[in-house]
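Student: Dumping the structure here so I can ask a few things about it.
Protein chains: 2
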Amino acid sequence: MPVYKAPLRDIKFVLHELLDIDTHYKSIPGADELTPDLIDAMIGETAKFIENVIAPLNHPGDEEGCHWSPEGVKTPKGFKEAYAQYCEQGILSMAHHEEHGGQGLPPSMGIVASELMGAANTSFSMYPGLSSGAMAAIEAHGSDEQKQAYLPKMNSGEWSGTMCLTESHCGTDLGLLRTKATPQDDGTFKVDGEKIFISAGDHDLTDNIIHLVLARLPDAPAGTKGISLFIVPKVLINEDGSLGERNGVVCSSIEHKMGINGSATCVLNFEDATGYLIGQPNKGLRAMFTMMNVARLGTGMQGMAMGELSRQGALEYAKDRLQMRALTGPKFPDKPADPIIVHPDVRRMLLTQKAFSEGARALAHHCGMLADITMRKAGTDEAEAAESEMELLTPIAKAFMSDSGSESANLGMQVFGGHGYVREHGMEQIVRDARIMQIYEGANGIQALDLLGRKVLATGGARLKAFTDQIDAFCEAQKGDDMKEYVDALRLHTEEWNGLVQKILERAMTNPDEAGAASYDFLSYSGYVVYAFFFARAAAISQKALADGKDDAAFYRSKLATARFYFRRLLPRTRGLVQTMLSGADDLMSLDAEDFGY
Amino acid sequence: MPVYKAPLRDIKFVLHELLDIDTHYKSIPGADELTPDLIDAMIGETAKFIENVIAPLNHPGDEEGCHWSPEGVKTPKGFKEAYAQYCEQGILSMAHHEEHGGQGLPPSMGIVASELMGAANTSFSMYPGLSSGAMAAIEAHGSDEQKQAYLPKMNSGEWSGTMCLTESHCGTDLGLLRTKATPQDDGTFKVDGEKIFISAGDHDLTDNIIHLVLARLPDAPAGTKGISLFIVPKVLINEDGSLGERNGVVCSSIEHKMGINGSATCVLNFEDATGYLIGQPNKGLRAMFTMMNVARLGTGMQGMAMGELSRQGALEYAKDRLQMRALTGPKFPDKPADPIIVHPDVRRMLLTQKAFSEGARALAHHCGMLADITMRKAGTDEAEAAESEMELLTPIAKAFMSDSGSESANLGMQVFGGHGYVREHGMEQIVRDARIMQIYEGANGIQALDLLGRKVLATGGARLKAFTDQIDAFCEAQKGDDMKEYVDALRLHTEEWNGLVQKILERAMTNPDEAGAASYDFLSYSGYVVYAFFFARAAAISQKALADGKDDAAFYRSKLATARFYFRRLLPRTRGLVQTMLSGADDLMSLDAEDFGY
Numbered sequence: 107m108p109v110y111k112a113p114l115r116d117i118k119f120v121l122h123e124l125l126d127i128d129t130h131y132k133s134i135p136g137a138d139e140l141t142p143d144l145i146d147a148m149i150g151e152t153a154k155f156i157e158n159v160i161a162p163l164n165h166p167g168d169e170e171g172c173h174w175s176p177e178g179v180k181t182p183k184g185f186k187e188a189y190a191q192y193c194e195q196g197i198l199s200m201a202h203h204e205e206h207g208g209q210g211l212p213p214s215m216g217i218v219a220s221e222l223m224g225a226a227n228t229s230f231s232m233y234p235g236l237s238s239g240a241m242a243a244i245e246a247h248g249s250d251e252q253k254q255a256y257l258p259k260m261n262s263g264e265w266s267g268t269m270c271l272t273e274s275h276c277g278t279d280l281g282l283l284r285t286k287a288t289p290q291d292d293g294t295f296k297v298d299g300e301k302i303f304i305s306a307g308d309h310d311l312t313d314n315i316i317h318l319v320l321a322r323l324p325d326a327p328a329g330t331k332g333i334s335l336f337i338v339p340k341v342l343i344n345e346d347g348s349l350g351e352r353n354g355v356v357c358s359s360i361e362h363k364m365g366i367n368g369s370a371t372c373v374l375n376f377e378d379a380t381g382y383l384i385g386q387p388n389k390g391l392r393a394m395f396t397m398m399n400v401a402r403l404g405t406g407m408q409g410m411a412m413g414e415l416s417r418q419g420a421l422e423y424a425k426d427r428l429q430m431r432a433l434t435g436p437k438f439p440d441k442p443a444d445p446i447i448v449h450p451d452v453r454r455m456l457l458t459q460k461a462f463s464e465g466a467r468a469l470a471h472h473c474g475m476l477a478d479i480t481m482r483k484a485g486t487d488e489a490e491a492a493e494s495e496m497e498l499l500t501p502i503a504k505a506f507m508s509d510s511g512s513e514s515a516n517l518g519m520q521v522f523g524g525h526g527y528v529r530e531h532g533m534e535q536i537v538r539d540a541r542i543m544q545i546y547e548g549a550n551g552i553q554a555l556d557l558l559g560r561k562v563l564a565t566g567g568a569r570l571k572a573f574t575d576q577i578d579a580f581c582e583a584q585k586g587d588d589m590k591e592y593v594d595a596l597r598l599h600t601e602e603w604n605g606l607v608q609k610i611l612e613r614a615m616t617n618p619d620e621a622g623a624a625s626y627d628f629l630s631y632s633g634y635v636v637y638a639f640f641f642a643r644a645a646a647i648s649q650k651a652l653a654d655g656k657d658d659a660a661f662y663r664s665k666l667a668t669a670r671f672y673f674r675r676l677l678p679r680t681r682g683l684v685q686t687m688l689s690g691a692d693d694l695m696s697l698d699a700e701d702f703g704y
Numbered sequence: 107m108p109v110y111k112a113p114l115r116d117i118k119f120v121l122h123e124l125l126d127i128d129t130h131y132k133s134i135p136g137a138d139e140l141t142p143d144l145i146d147a148m149i150g151e152t153a154k155f156i157e158n159v160i161a162p163l164n165h166p167g168d169e170e171g172c173h174w175s176p177e178g179v180k181t182p183k184g185f186k187e188a189y190a191q192y193c194e195q196g197i198l199s200m201a202h203h204e205e206h207g208g209q210g211l212p213p214s215m216g217i218v219a220s221e222l223m224g225a226a227n228t229s230f231s232m233y234p235g236l237s238s239g240a241m242a243a244i245e246a247h248g249s250d251e252q253k254q255a256y257l258p259k260m261n262s263g264e265w266s267g268t269m270c271l272t273e274s275h276c277g278t279d280l281g282l283l284r285t286k287a288t289p290q291d292d293g294t295f296k297v298d299g300e301k302i303f304i305s306a307g308d309h310d311l312t313d314n315i316i317h318l319v320l321a322r323l324p325d326a327p328a329g330t331k332g333i334s335l336f337i338v339p340k341v342l343i344n345e346d347g348s349l350g351e352r353n354g355v356v357c358s359s360i361e362h363k364m365g366i367n368g369s370a371t372c373v374l375n376f377e378d379a380t381g382y383l384i385g386q387p388n389k390g391l392r393a394m395f396t397m398m399n400v401a402r403l404g405t406g407m408q409g410m411a412m413g414e415l416s417r418q419g420a421l422e423y424a425k426d427r428l429q430m431r432a433l434t435g436p437k438f439p440d441k442p443a444d445p446i447i448v449h450p451d452v453r454r455m456l457l458t459q460k461a462f463s464e465g466a467r468a469l470a471h472h473c474g475m476l477a478d479i480t481m482r483k484a485g486t487d488e489a490e491a492a493e494s495e496m497e498l499l500t501p502i503a504k505a506f507m508s509d510s511g512s513e514s515a516n517l518g519m520q521v522f523g524g525h526g527y528v529r530e531h532g533m534e535q536i537v538r539d540a541r542i543m544q545i546y547e548g549a550n551g552i553q554a555l556d557l558l559g560r561k562v563l564a565t566g567g568a569r570l571k572a573f574t575d576q577i578d579a580f581c582e583a584q585k586g587d588d589m590k591e592y593v594d595a596l597r598l599h600t601e602e603w604n605g606l607v608q609k610i611l612e613r614a615m616t617n618p619d620e621a622g623a624a625s626y627d628f629l630s631y632s633g634y635v636v637y638a639f640f641f642a643r644a645a646a647i648s649q650k651a652l653a654d655g656k657d658d659a660a661f662y663r664s665k666l667a668t669a670r671f672y673f674r675r676l677l678p679r680t681r682g683l684v685q686t687m688l689s690g691a692d693d694l695m696s697l698d699a700e701d702f703g704y
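Chains as they are written, first to last, in the working numbering: chain U, 107 to 704; chain X, 107 to 704.
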């Protein structure tokens, strides 16, 4: 059973050394008091709480699962108490507005907590995660009255929130949604419809649940342009702020799933439920999309966090488990066999896990810093550039971090052999839990289309070029021989990457299916190059640290070894992708749908 | 929920057209009466039974699982009746010796049944699968008396069998095993020890269970050369063949696993259990190894079968599920949205599944035919060559078919989106069930070492060369322009493949870790090329069938499209592998074990 230890050393490396978050915070309104020591102290305290209180509930929560009854959903033992402590600890409120009970820290600090939570207990993390998403929606689009009515009690953890989008016939294609909102004389609305896959849709953690619901007004245009957003509390709120009657929202069942069993995935039936419009009529989907970037980054983070937890479990096991001798002769002749970490192929798995964790962590925190700039410096040129980069990186972060997280989770299980397949060892749970990250919050195939279509081709490749310019500038600045291996590989890839875009662009002009046919491989290709950029930077810093005789040389040597491993063993996967993404739409589209079977 | 339909059309294509099993059978002793019509009739009947009786128990079996009590293990509802029917149907006895109640059909016919069973209900298939393995061991190594005592009742399904190898401290490294066998005055042995991960180790399907147990004699040398094989019946057998007292074998618990929940995975405690030596003392592991090839092929087959079941489910869903419009404009303007099979990326997933199923099926049946020759023509040059090829292909079949089967299972689930993650739709069960195939019967990393070390490098590359000579001969025979794409790619790969072996061989001379460091990528590379060889042959046959105006043109067009897809979209993955496998041991071995963590 992996015992989660927050990887503080690497998080600090990423924040302070790789991304220089300390300089960054000096320019972020509200963050200028965040000194390195304060940041480390906060992370340390958060980590301790999460390791000691949240992580131990992970495996029991999977075994017990959530239970439905007509009275509502019961979460696993210990979740309720942990939720209260979590909120009291101020982790939920960290990055929320100060005027309504939040701490006003920048989004990037929330990203740190989300890695730790995702690894310690992904199921549990869904409850504060969804609440945080609902709070962000209210912060961004609510009236002052709405903010005052809901946010303080959501920050404190007395109430929680959800996002109600999906219906049984529409997930990706929200334009098809049917839930109705009928205006009432008093300015409220009656909401009627059925929503499915609502995470944290019902539970026993809080006294009230504030649902944010997408629905259609009677006169709304068809499709995505006729969707509005409503606040629908589970329990209605009296004028004095106290809780009143139950609203017309019923959880009629929960899903039995492959994983994240501690997270209640609910069918919610809205019948004559009282709702309050939030934001503009028919602009509901757009309102949702403003929060999508952070939500998608959070999902990628969950994926990477699963990989990290698996890595920790696999590493301990590989050092303990004795089986066979090293190919080069016994390393521990006094033991009956060598620990399996002596075997090159076991190391290949462990290093793949390590590289995926570290690459993803760097990307995630970089995106967190872009979110800081986007949100805290809105209206500036810097914010515009940051937002553009975030638009590019978000589908990569969501999909590639979850794909590589799942791969890592599977490798960790493989290291355990047959013992990995047995539930009590906790490794297979990680594989099951990680699997949803590739699906929800926009399936990875949708992310790929978003990346290639909307983010790259739609800008004629300009948005990608702005990013590769940063890589090229980095390469330009590297003069030492020690960096040559990295610089050469990066240069090859940036040129190739932009070239691919031009080729696909040309083909897609005459046949839009060409973009769809290239999209997934393009996304994977992009993911490998983005991680490579961060590893090259990490390598440069580590080389310098070692040359300067900095403390903790073992850490820098390990980082360098991981960067080298990444460039030699993982980045070359682009060699296949560059071929397959250019193989054309014809080999996908030529077969009649009827001829796919036998 | 996927409803399994045996893919008879493709199985018949592979057997009759691709592999020409009809000519093959004319030369196999005992198989010369198998006409094409008879083969098809047998497969059709087997398929009908499996579709109607075995497949419906798959999902309920997963939900119910196995239950342990001190009285023994209870299998899911319906398994007991189905086991009796299965044996009555003659599927278990198909490839077993006629003189003891089998039907004497060649091993290849058993391989056909094992695909169908693996897809219809992998958990259920473990019970007859293990029994069949135990029977094969008795057939190969038992005395006449032992054969007569056990085989007829195992063929009839009154009794079943197991293979007891693993102990908690040794899976891969059987040299460490501790179970003891103490000789008694009456020529029997007392067996004492604990075995884990014993599939079908206890259950309620049969009146008796014949355990084949690896154990050490008191004077046995240490390591793998001191292991003997024993028959240990759960219930002792009286002289008249009737059942006597319970033997000293107790199932003390079963594992709770990620999947194959209908299959009981048992801890067996042997205490003063009466055992009978089978085969020579201290030659037990070698005896086991003679059956390993068929068992490993069976595991690969289970992996491919899982992918096939997932493919069937995903294809139906992709044709039904309406979501978004085609990128090239609405294809079904009268419907609210297009079926998702219009999207290139969905087709990429479905075609990957299709290609993996078909490539694996061809490889598996080819191996089945090699097994026919090896077993039925023992002592001939032809058998020696077949055995050598089987040695080469077995680790590829086991590992690559299970790796590609798991990939396929995951793709099928991805096609379902969020619905794939919900248990009731049956797609996530396939992912969970498929995952074990990469682990048991020798984890895939072990297969990779076996392939590269023992099968390829140990013969200086000669065994591989004998196989690539077949590919080259095929290429030589292809004159038409239509085959150029396939022939060019195959030629490139056969030359490269042999070249890789020489490079690795050279390095491994000075550092054995170089072989370990290259092994997994070498195995994957080999898998892609082997499938490619079968697809090229299938393409040649399909081109000819279409040119000749043969019936069922749609099938041949589909086969051609799949072959083209495979060569353009999957085979290029070798481009990354060829780089990574040559990146050297240093990037895996240079880091101290202590520096893998933070």
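Ideal Cβ positions, reconstructed from N, Cα and C, are used throughout, including at glycine.
1) Just the C-alpha distance for GLY210 (chain U) and MET200 (chain U), rounded to the nearest angstrom, thanks.
2) Is LEU335 (chain X) helix, strand or coil when you go by DSSP?
3) Could you check whether the Cβ of GLU157 (chain U) sits closer than 8 Å to any Cβ belonging to chain X?
4) Over what stretch of residues does the beta strand (DSSP E) that includes PHE376 (chain X) continue unbroken?
5) List the residues of chain X whose Cβ lies closer than 7 Å to the Cβ of SER508 (chain U), in chain order.
6) So is LYS331 (chain X) in contact with chain U if we call contact Cβ pairs under 8 Å?
7) Assuming contact is defined by CB atoms lying nearer than 8 Å, are LEU517 (chain X) and THR458 (chain X) in contact in what I supplied?
8) Specify whether the segment 217–225 of chain X and the segment 408–424 of chain X touch according to this definition: at least 3 beta carbon pairs, one from each stretch, less than 8 Å apart.
9) Cα separation between THR141 (chain U) and LEU383 (chain U)?
10) With 16 as the cutoff for other CB atoms within 10 Å, does ASN399 (chain X) come out buried or exposed?
11) For LEU114 (chain X), I'd like the list of residues in its chain whose CB is within less than 7 Å of its CB, leaving aside the five on either flank, ordered along the chain.
12) Return the bridge partner residues of LEU298 (chain U) from the DSSP annotation.
13) Helix, strand or coil for ALA112 (chain X), going by three-state DSSP, please let me know.
14) Buried or exposed for LEU598 (chain X), going by 16 or more other Cβ atoms inside 10 Å?
15) Could you give the DSSP three-state label for PRO162 (chain X): helix, strand or coil?
16) Whose C-beta lies closer than 6 Å to the C-beta of ALA624 (chain U) among residues of the same chain, with five residues either side of it excluded?
17) Rounded to whole angstroms, what's the CA-CA distance from TRP174 (chain U) to ILE304 (chain U)? Just pull it up for me.
18) Do you know how far the Cα of GLY299 (chain X) is from the Cα of GLU377 (chain X)?
19) Select from X:ILE160, X:ASP138, X:GLY413 and X:GLY171 the residue whose C-alpha is nearest the C-alpha of GLN195 (chain X).
20) Does PRO618 (chain U) come within less than 8 Å of chain X when only Cβ atoms are used?
21) Residue range of the alpha helix (DSSP H) that GLY178 (chain X) falls in?
22) Is ILE127 (chain U) close to chain X? Criterion is C-beta to C-beta, closer than 8 Å.
23) Enumerate in chain order the residues of its own chain whose CB-to-CB distance from ILE647 (chain X) is below 7 Å, with the five nearest sequence positions on each side excluded.
24) How is THR312 (chain X) classed by DSSP in three states: helix, strand or coil?
Tutor: Let me lay it out:
1) Rounded to the nearest whole angstrom, the CA to CA distance from GLY210 (chain U) to MET200 (chain U) is 6 Å.
2) Three-state result, LEU335 (chain X): strand.
3) It does not; no Cβ of chain X falls within 8 Å.
4) Here the beta strand (DSSP E) through PHE376 (chain X) covers 371–384.
5) In chain order: nothing, as chain X lies at least about 11 Å away.
6) At a cut-off of 8 Å, the C-beta of LYS331 (chain X) has no neighbouring C-beta in chain U.
7) Closer than 8 Å, so yes.
8) Flag = yes, the segment 217–225 of chain X and the segment 408–424 of chain X touch.
9) The alpha-carbon of THR141 (chain U) is positioned some 41 Å away from that of LEU383 (chain U).
10) Buried, since its Cβ has 16 or more Cβ neighbours within 10 Å.
11) For LEU114 (chain X), where only same-chain residues beyond five positions count, the Cβ hits under 7 Å are ILE149, GLY150 and ALA153.
12) The sequence given here has Asp at residue 298 (chain U), not Leu. When DSSP reads this structure, ASP298 (chain U) sits in a beta bridge with U:LYS286.
13) Of the three classes helix, strand and coil, the one that applies to ALA112 (chain X) here is coil, per DSSP.
14) By the neighbour-count rule (16 or more Cβ atoms within 10 Å), LEU598 (chain X) is not buried but exposed.
15) Of the three classes helix, strand and coil, the one that applies to PRO162 (chain X) here is helix, per DSSP.
16) Once the five neighbours on either side are set aside, the close Cβ partners of ALA624 (chain U) are ILE610 and MET687.
17) About 14 Å.
18) Straight-line Cα distance between these residues: approximately 7 Å.
19) Minimum Cα distance to GLN195 (chain X) is reached at X:ILE160.
20) Taking a beta-carbon distance threshold of 8 Å, PRO618 (chain U) counts as an interface residue toward chain X.
21) Segment 178–180 is the beta strand (DSSP E) holding GLY178 (chain X); no alpha helix (DSSP H) there.
22) Not flagged as an interface residue toward chain X: ILE127 (chain U), since no C-beta distance is shorter than 8 Å.
23) Taken in chain order, the residues that qualify are GLU123 and LEU124.
24) DSSP places THR312 (chain X) in coil when its eight states are reduced to three.
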